[in-house]
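**Student:** Pasting a structure here, questions to come.
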Amino acid sequence: MAFIEVKDVFKEYAQDAVIKTEALKEINLTVAKKDFICIAGPSGSGKTTLLQLVGALDKPTSGKIFYGGEDITVLSSGRLADFRLRKIGFVFQAYNLINTLTALENTEYVMLLQGVNNKERREKAEGILKKVGLGDFLHRRVNRLSGGQQQRVAVCRAIAAEAEVILADEPTANLDSQTAAGLIELMRQLNQEKGTTFIFSTHDKLVMDKADKVFQLKDGRIV
Ligand SMILES: Nc1ncnc2c1ncn2[C@@H]1O[C@H](COP(=O)(O)OP(=O)(O)OP(=O)(O)O)[C@@H](O)[C@H]1O
Ligand SMILES: [Mg+2]
Numbered sequence: 021m022a023f024i025e026v027k028d029v030f031k032e033y034a035q036d037a038v039i040k041t042e043a044l045k046e047i048n049l050t051v052a053k054k055d056f057i058c059i060a061g062p063s064g065s066g067k068t069t070l071l072q073l074v075g076a077l078d079k080p081t082s083g084k085i086f087y088g089g090e091d092i093t094v095l096s097s098g099r100l101a102d103f104r105l106r107k108i109g110f111v112f113q114a115y116n117l118i119n120t121l122t123a124l125e126n127t128e129y130v131m132l133l134q135g136v137n138n139k140e141r142r143e144k145a146e147g148i149l150k151k152v153g154l155g156d157f158l159h160r161r162v163n164r165l166s167g168g169q170q171q172r173v174a175v176c177r178a179i180a181a182e183a184e185v186i187l188a189d190e191p192t193a194n195l196d197s198q199t200a201a202g203l204i205e206l207m208r209q210l211n212q213e214k215g216t217t218f219i220f221s222t223h224d225k226l227v228m229d230k231a232d233k234v235f236q237l238k239d240g241r242i243v
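The numbering of the sequence shown is the numbering used here, which starts it at 21 and goes up by one.
Next comes the structure, spelled out in structure tokens:
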């Protein structure tokens, strides 16, 4: 049984009663545990939409999305929130860090929601942040960190929460090529050490080349 299976998924956004955008058409793909997968494609091709559906942040217009054989498109919003909290880490621009909290507090945040106790939370978050070279920035508010440092904190938060799957929407956008390479390397390291499944989108050819498998989107279809 596939770890994640996207089956015959269509997504239509209604602008109003007349104008509709077909953002995704007939998407079929499967993802195995520990995959390191890239969703590539030009602007407007449907990358963010697909990641939002796989992350259960939105529902397809038709089609199904299975995790270990369970169809998540039929879950209630309460069950979905719980599912996201237990399973999925997001490195999304729109679901990013909390600016008024420090790097450490942001990294602890999902664990707090999960009910992990204070001591364990603190130790785990500190350990992970130090490991990715953010040991000197634990107590700095994230709006005073660079873009690359913030992306690293977002990856740390997902890792600390023991997400099985990390969805990252253009995680290297706005980073210089060296910082981008470092972030992908960090993701790969966690993929190999912890078996975390990664699905990330990008425009960047250099980033695509680091993936085990690339799904290329064009006008809402996989080509
Ligand atoms: N909330 C929305 N309402 C209406 N249309 C939307 C909405 N979100 C996305 N779209 C449309 O759906 C299509 C796919 O958008 P999407 O954001 O998934 O593309 P993308 O590949 O992530 O693009 P980019 O590389 O620019 O981030 C586009 O035509 C976009 O205009
Ligand atoms: Mg996008």
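Ideal placement from N, C-alpha and C gives every residue a C-beta, glycine not left out.
#1: Decide yes or no for the touch test of the stretch 209 to 228 against the stretch 181 to 193: beta carbon pairs closer than 8 Å, at least 3 of them.
#2: Take the Cβ of Asn-126 as the centre, count every other Cβ of all protein chains shown within 10 Å, and call the residue buried at 16 or more, exposed below.
#3: Would you kindly work out how many angstroms separate the C-alpha atoms of Pro-62 and Lys-238, rounded to a whole number?
#4: Give me the Cβ distance between Leu-121 and Arg-172, rounded to the nearest whole Å; I'm assuming they're in contact under 8 Å.
#5: Could you tell me whether any non-hydrogen atom of ligand 4 is closer than 6 Å to the CB of Gly-66?
#6: Hey, which unbroken runs of the beta strand (DSSP E) at 3 residues or more fall wholly within the stretch 74 to 159?
#7: Can you tell me whether Thr-50 is buried or exposed? The criterion is at least 16 other CB atoms within 10 Å of its CB, across all chains shown.
#8: So the candidates are Cys-58, Tyr-129, Ala-22; which of them puts its Cα closest to the Cα of Gly-89?
#9: On a Cα-Cα basis, can you pick out the residue from Ala-180, Ala-37, Asp-78, Ile-57 that is closest to Arg-106?
#10: In angstroms with no decimal places, state the Cα-to-Cα distance between Lys-31 and Asp-156.
#11: Taking 7 Å as the threshold (C-beta atoms), are Glu-42 and Gly-168 in contact?
#12: Of the choices Ala-201, Leu-149, Asp-102, Gly-75, whose alpha-carbon is the least far from that of Leu-133?
**Tutor:** Reading from the atomic positions:
#1: When C-beta atoms of the stretch 209 to 228 are compared with those of the stretch 181 to 193, three or more pairs fall below 8 Å, so the two segments count as touching.
#2: buried
#3: 7 Å
#4: Going by Cβ atoms, the distance from Leu-121 to Arg-172 rounds to 15 Å, so no, they are not a contact pair.
#5: Ligand 4 is absent from the structure shown, which contains only ligand 1 and ligand 2.
#6: 82 to 87, 108 to 111
#7: exposed
#8: Ala-22
#9: Ala-180
#10: 44 Å
#11: no
#12: Asp-102
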